[in-house]
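Colleague: Right, I'll just put the structure down here and ask away after.
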Amino acid sequence: MSGEGTVLLSIACASGDRDAIVEALRARVRCPIHLRAEAVHGLDFSDAGTAERVTGALDRLAIELVVPADAVTALVEAAGASRRRLPMRWRVTPVLASGRVA
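In structure tokens:
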């Protein structure tokens, strides 16, 4: 198993911004990009669209990919420069180990 120097880059974005962000990321990496739908409930609606403020729930998508730590800045900048409607949030988590089981 290997994980040295790699991180999990997680981006939370509006579902409608998915294609633009994924396209920007795919242009820069060859690793798998995982997508997961999420419903977010809370009191911080600074990222919410108008309909989301009314319902009190944010319709979000989690985009995750394991990348070299030194690639994060360029990937976040690329995602940030994509044609999005709403703000996105991101975080990085160290990957201690990863692998593939056939």
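Start counting the sequence shown at 508; every next residue gets the next number (my numbering). A virtual CB, placed ideally from N, CA and C, is assigned to each residue, including glycine. Here the structure is a predicted model, which is why all the values come from computation and not from measurement.
M595 to D577, Cα distance in whole Å?
Modeller: 20 Å
Colleague: In chain order, what residues of the same chain lie with their CB nearer than 7 Å to the CB of P601, ignoring the 5 residues before and after it?
Modeller: V514
Colleague: So what's A534 in DSSP terms, helix, strand or just coil?
Modeller: In the structure shown, A534 falls within a coil segment according to DSSP collapsed to helix, strand and coil.
Colleague: With three or more C-beta pairs closer than 8 Å as the rule, is the stretch 520-539 touching the stretch 565-577?
Modeller: yes
Colleague: Would you identify the three-state DSSP class for L603, choosing helix, strand or coil?
Modeller: In the structure shown, L603 sits in coil (DSSP, three-state: anything other than H, G, I, E or B).
Colleague: Label L603 either buried or exposed according to how many other C-beta atoms from any shown protein chain fall within 10 Å of its C-beta, with 16 as the threshold for buried.
Modeller: exposed
Colleague: So what does E545 bridge to, in DSSP terms?
Modeller: R567
Colleague: For D526 and R537, I'd like the C-alpha separation in whole angstroms.
Modeller: So the two alpha carbons sit approximately 16 Å from each other.
Colleague: Assign V608 to one of two classes, buried (16 or more other C-beta atoms within 10 Å of its C-beta) or exposed (fewer than that).
Modeller: exposed
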